[in-house]
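First the structure, in the form of structure tokens, and then the observations on it.
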Amino acid sequence: MSPSDWPTHRSHPAPGPGETTILVVDDKEENRALIQAMFDGPEYRVLEAADGTTGLALAQRERLDCILLDLNMPGLTGFEVLERLEADPRTREVPVIILTASDERLETMERSLRGGAVDYLTKPISPMRVAIRVRGAIERRRLLQEVQDLRASFTSMLVHDLRSPLTVITAYLDMLHQPAVGSLTEAQQRYLGKMSQAVTRMLRLIGEILDLSKLEAGKLSVSPEPMDVVGTVTEAAERFKPGAVHNRVTLEVRSPGTPVRVSADPSRLDQVVTNLLSNALKFTPEGGTIRVEVAETGDEVEVAVHDSGPGIPPDEQVLLFEKFSQTSSGKSVQGGSGLGLVICRHLVEAHGGRIWVESEPGHGTRFAFRLPRNGPRQTASATDRSMVNPRISASR
């Protein structure tokens with residue numbers, strides 16, 4: 003069979019039930035045709051792209067099971083395509099197998115694997131090796147998803163079992179405050195208050211664990227709709243005013259005089275802003291200042307929360323956005339779960355946005371995130387891993 007006889011299947015119909023979709027990104031038509039011929043059964047659907055730009059567009063639009071990516075192409079190189087695939091929450095979980103020339107140096111292969119590729123193949127392509135590597139990559143991804151689903155199911159069950167007795171405790175604590183129970187001494191009221199605070203913190207932690215589990219499993223969706231960012235930020239700040247007054251901290255909001263419209267999930271955006279403000283209030287000392295800013299930046303909207311806290315050393319910034327991580331400055335203040343801003347990262351990414359930190363010891367910290375005005379290109383579910391931008395993604 004000559005290359006001219008190989009089936010091309012360049013049209014892109016929707017995948018059928020149980021169909022495996024493979025994307026081949028290679029500027030050589032004979033290589034694409036060869037791979038088409040390898041996977042010409044009814045259980046496979048092979049898409050072709052002759053350049054990196056087209057490949058990225060297909061990867062963002064289609065539900066893919068595997069990508070075969072050539073390194074040496076005109077325009078966007080394979081490394082550049084791989085970097086963009088890794089940076090995009092919609093594509094970063096798709097296994098990528100690199101296609102390289104047989105004379106490529108070992109450093110090139112190592113760079114591919116460090117960049118996010120799961121495997122590589124050298125040319126000329128062996129049909130048997132391609133089939134084995136592709137099926138292996140797809141099976142590894144399937145097993146990983148199965149593990150994530152099991153973990154999410156277990157976490158959900160555990161959270162339910164933990165939340166139920168805490169709800170009962172909360173109800174009885176509320177009853178103890180009722181007049182029918184009788185008057186309480188000042189010490190008793192203080193003890194009950196501390197118990198209520200502890201239960202509230204525990205319930206919040208349980209909620210964060212459940213949210214993070216759903217986010218990592220891709221089970222927590224965002225539902226964008228037209229909304230006013232200024233209104234959401236202002237309402238969130240108002241909820242923190244009593245706490246700021248109690249801590250003798252100045253809290254102010256700076257925004258344009260008119261509504262700032264964006265397509266986002268109102269409840270999830272409120273969750274992000276709330277976590278950022280909670281974090282800032284926790285780390286801002288008495289007499290300090292927290293400033294929230296809303297700004298329009300072209301086709302994006304930026305929200306930033308500044309605090310006059312102790313700042314974050316550069317060596318600790320690289321640990322931020324990791325689960326249960328805390329900065330050394332957190333040792334002297336009320337500690338948190340270390341999950342709040344991890345959740346922020348996932349939710350911002352699910353909106354097609356990015357979040358980062360700017361901080362210097364002794365000069366406070368600025369957390370900021372940007373969202374595209376028109377929302378994510380498709381209804382997104384939050385996924386794992388950070389999108390580092392523009393300095394360093396962070397949480398504390």
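Add 2 to a position in the sequence shown, counting from 1, and you land on the number used in our numbering.
Even glycine gets a Cβ: it sits at the ideal position worked out from N, Cα and C.
In the assembly as shown, D267 is a buried residue. Its beta-carbon has 16 or more other beta-carbons within 10 Å. The straight-line gap separating the alpha-carbon atoms of Q62 and T93 is approximately 6 Å. The DSSP-derived three-state label of V96 is coil. Distance between L168 and P244, taken at the CA atoms: about 26 Å. Beta-carbon to beta-carbon, V231 and V183 are separated by about 45 Å, too far to satisfy the 8 Å threshold. Sequence-distant Cβ neighbours of K216 in its own chain, meaning closer than 6 Å and more than five residues away, are L222. Burial is judged here by how many other beta carbons sit within 10 angstroms of a residue's own beta carbon; K196 has fewer than 16 and is exposed.
The C-alpha of A239 is placed about 13 Å away from the C-alpha of V251. Here DSSP, grouped into helix, strand and coil, assigns F323 to coil. Burial is judged here by how many other beta carbons sit within 10 angstroms of a residue's own beta carbon; H348 has at least 16 and is buried. Fewer than three pairs of CB atoms, one per stretch, sit closer than 8 Å, so the segment 106–124 makes no contact with the segment 170–186.
Excluding the 5 residues flanking it on each side, D28 has same chain C-beta neighbours closer than 6 Å at R34, D72, in chain order. Comparing C-alpha distances from Q191 to each of V275, L175, T55 shows the shortest one belongs to L175. In the three-state scheme derived from DSSP, where H, G and I count as helix and E and B as strand, A52 is classed as coil.
As DSSP reads the structure, L25 sits in a beta bridge with L49, I69. By the Cβ neighbour-count rule, T260 is exposed, with fewer than 16 other Cβ atoms within 10 Å of its own.
Just measuring C-alpha positions, the residue of P378, T79, D42 sitting nearest E227 is P378.
With distances taken between CA atoms, V96 lies nearest to R65 out of R368, R65, F285, S198. Nearest C-alpha to V262 among A297, G209, L36: A297. Around the beta carbon of A51, 16 or more other beta carbons sit within 10 angstroms, so the residue counts as buried. Fully contained in the segment 208–285 are the following beta strand (DSSP E) runs of length 3 or more, in chain order: 227–230, 252–256, 263–266.
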